[in-house]
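Quick note on numbering: the sequence shown equals residues 10 to 205 in my numbering. Ideal placement from N, C-alpha and C gives every residue a C-beta, glycine not left out. Before any comments, here is the structure.
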Amino acid sequence: MSSYNLVKMQNKLKKELDDARFIHTLGVMYTAASLAMCYGEDLERTSVAGLLHDCAKCIPNPQKLKLCEHYKLPVSDIERKAPHLLHAKLGASIARDKYGVDDSDILNAIRFHTTGRAGMSQMEKIIFVADYIEPGRTKAPNLPQIRKTAFADLDLAVYLTLRDTLIFLEEKKTNLDNQTIVAYNYYEEFLAERED
10 MSSYNLVKMQ NKLKKELDDA RFIHTLGVMY TAASLAMCYG EDLERTSVAG LLHDCAKCIP
70 NPQKLKLCEH YKLPVSDIER KAPHLLHAKL GASIARDKYG VDDSDILNAI RFHTTGRAGM
130 SQMEKIIFVA DYIEPGRTKA PNLPQIRKTA FADLDLAVYL TLRDTLIFLE EKKTNLDNQT
190 IVAYNYYEEF LAERED
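What follows is the structure in structure tokens.
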């Protein structure tokens, strides 16, 4: 099993991100670590996923498109028009290539941290929620409720995050990844079945 040098990764990453993004990244890493402790998830691996979740965020958009070609990543028409949406899937490739991460759970947590997906692993759910609730976030609606819920019922926190994300994106009339809708429907059904 791989052991990761978080300090070395952090120093390398600091050079790749602007200051605000780096502070957000540390917030996600610490929030993810707290959730990992709460749910018995591997602390080191979850911290790596939190640290690297936005590793491709500050790459200029034209370069994001070129790197997707390099890594043979499929790019949808929506992503071509809005290349900032590529940072998650591209981030998984960069985490593998530049940071030596070969753990598929970590890579999936990075890949799906913006859209979510149906049937996420516990680590994927932790990174998805941590990105939304980290201490630097202030604008999202229902943030206090989701922060509290995250430490009591991770699946409900995932559902609430997906719900509020969809509402926000619909109000903003921005590009919506179908995967987010599929994930929302999945967790809505999952929670309804759990109640029965």
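Next item on the list: List the whole-angstrom C-beta distance separating L94 from A104, where the pair is believed to meet the contact cut-off of C-beta under 8 Å.
Entry: About 17 Å; that fails the 8 Å criterion.
Check: Helix, strand or coil: how does DSSP classify N151 here?
Finding: In this structure, DSSP gives N151 a state outside helix and strand, which the three-state scheme calls coil.
Note to self: I need the DSSP call for K81, collapsed to helix, strand or coil.
What the structure shows: Reduced to three states, the DSSP call for K81 is coil.
Notebook entry, point to check: Beta carbon of L163: closer than 7 Å to some heavy atom of the ligand ZN?
Noted result: Ligands are entirely absent from the displayed structure, and the ligand ZN is therefore not among its contents.
Note to self: Tell me the DSSP secondary structure of D114 in three-state form.
What the structure shows: It is helical.
Check: Applying the criterion that 16 or more other CB atoms from any shown protein chain within 10 Å of the CB defines a buried residue, is A161 buried or exposed?
Finding: It is exposed - the Cβ of A161 has fewer than 16 other Cβ atoms within 10 Å.
Next item on the list: Taking M18 and L60 to be in contact with their CB atoms under 8 Å, please state how far apart those CB atoms are, rounded to whole angstroms.
Entry: Contact between M18 and L60 is confirmed by a C-beta separation of about 6 Å, below the 8 Å threshold.
Next item on the list: Write down every uninterrupted run of the alpha helix (DSSP H) in the region 138-194 whose length is 4 residues or greater and which is fully enclosed by it, in chain order.
Entry: Counting whole runs of 4 or more residues, the region 138-194 contains the alpha helix (DSSP H) stretches 152-159, 163-181.
Margin query: Using only the alpha-carbon positions, how far apart do H79 and I68 sit?
Written below: Whole-angstrom Cα-Cα distance: 14 Å.
Note to self: Measuring only the C-alpha atoms, how far is L200 from A159?
What the structure shows: The alpha-carbon atoms of L200 and A159 are separated by roughly 15 Å.
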